[in-house]
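Counting in the numbering used here, the sequence shown runs from 464 upward without gaps. Below: the structure, in structure tokens.
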Amino acid sequence: MIHGHGDDTYKFENIRINFSSNVNAQGINAGLQQHLKSCIQNLDSYPEPLAENLARRIEEEKNMPPESVLITNGAVEAFYLLASLFQAKKSLIYTPSFSEYEDACKLYKHTINFCSNSSFAEKNEKPFDLVWICNPNNPDGKVFDKQILREKIQQNPGTLYVLDEAYVEFINKNISLENEAPDLPNLVVVKSLTKRFSIPGLRLGYLVCSPELITKLKKKLMPWRINALALEAGLYCISENYNDNFKLPEILRECQHFQNELAQIEGFEVVPSKTSFFLVKGPVKASKLKTCLAEKYGMLIRDASNFRDLSDFHFRLSTQSPEKNNALLNVLKTWKY
């Protein structure tokens, strides 16, 4: 899906509040901005072919074995790499979820089965070559139980689990299997550095898995996929120089307040979420609501109707500051549909 994702601000003029993208609403760190400005001179040289230095730094920081991390051009590249390596296999995708799993599988001729994520606990995954899971899930914020997930991985050694943890920093609970991935040959954990650190324009992520699988994936890579500024951003974000301003408890409290207030408005049904984003079913088609909010009020929401198993009336919101959230609530309270 080239188009149809969130954060399509390029389609509209004068967007002043962006609820459509699930990145850290606190914005890019000031220290990181200054660091990137100081690295402009690096653009006159080629970056490392496979971003090896950043991979090694992540392994050291997280106490993982050598050759267990592969840097990717955003988390999305990881999904296409894996689908390519296992082309024409049988995949299971829990829905609703991120569309790029399905798109990558289609591109590489997978046979795809879909299952509601409400059936996760009891679903038999043994017949499938790959299982794709987002935890916490995009777009509904559903959290899959860590213990059940670990047991499934261990009980189905012939099935590769692709676990997307792009939003794992946006929940007040340790559900990550990142550090276990190098020792589990049938687990790949995909991480994003763009959401937590508010740098989606730099396209930076990584995957964690067994060194044996890393070796196979590297054979499919083009050199210089990760640009010099993205590499500098990654190194800075995991360094001691990064002055963290990520205030998760405040973000989650505001998100709960935002959900509660919106649920009180007639015609809007909120799907409860414990992350920083959540789904809503509105009284009119999401496409109509999105256009109205963008063109009249400079507010952008995520039309979620193109997520498999959701309706034309679903949209997704990512929590912003209290002032911005209240601005949307006030519009929706008085909006005539």
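By construction, the Cβ of each residue, glycine as well, lies at the ideal position given by its N, Cα and C atoms.
- Its Cα nearest to that of Leu612, the residue Asn598 stands out among Asn598, Gly604 and Asp603.
- A residue is called buried once 16 or more other Cβ atoms fall within 10 Å of its Cβ, and Met685, having fewer, is exposed.
- Judged by DSSP in its simplified three-state form, Thr574 adopts strand.
- Residue pairing from DSSP leaves Ser501 without any beta-bridge partner.
- Counting only runs of at least 4 residues, the segment 553–620 fully encloses the following alpha helix (DSSP H) elements, listed from N- to C-terminal order: 562–570 and 609–618.
- Secondary structure in the segment 642–725: the alpha helix (DSSP H) runs of 4 residues or longer, each lying completely within the stretch, are 674–681 and 691–700 in chain order.
- Leu791 is the residue among Phe577, Asn487 and Leu791 whose C-alpha sits nearest the C-alpha of Leu752.
- A straight line joining the alpha-carbon of His573 with that of Gln727 spans about 43 Å.
- In this structure, Pro602 keeps its C-beta atom at 7 Å or more from the C-beta atom of Arg771.
- The C-beta of Gln783 has 16 or more other C-beta atoms within 10 Å across all chains shown, which makes the residue buried.
- Shown here, Arg519 sits in a helix according to DSSP, grouped into three states.
- Shown here, Asn526 sits in coil according to DSSP, grouped into three states, outside any helix or strand.
- Excluding sequence positions up to five before and after Ile478, its CB lies within less than 8 Å of the CB of Thr472, Ala757, Gly761, Met762 and Leu763, all in the same chain and listed in chain order.
- Contact between Val625 and Val606 is ruled out by a C-beta separation of about 17 Å, above the 8 Å threshold.
- In the structure shown, the three-state DSSP call for Leu742 is strand.
- Residue pairing by DSSP places Thr535 opposite Gly668 in a beta bridge.
- Collapsing the DSSP output to three states places Ser508 in coil.
- Taken atom to atom, the span from the alpha-carbon of Ser673 to that of Cys700 is near 24 Å.
- At the C-beta level, Arg765 and Ser560 stay beyond 7 Å of one another.
- Here the alpha carbon of Phe591 sits roughly 47 Å from the alpha carbon of Glu786.
- Leu694 has its alpha-carbon roughly 8 Å from the corresponding atom of Pro510.
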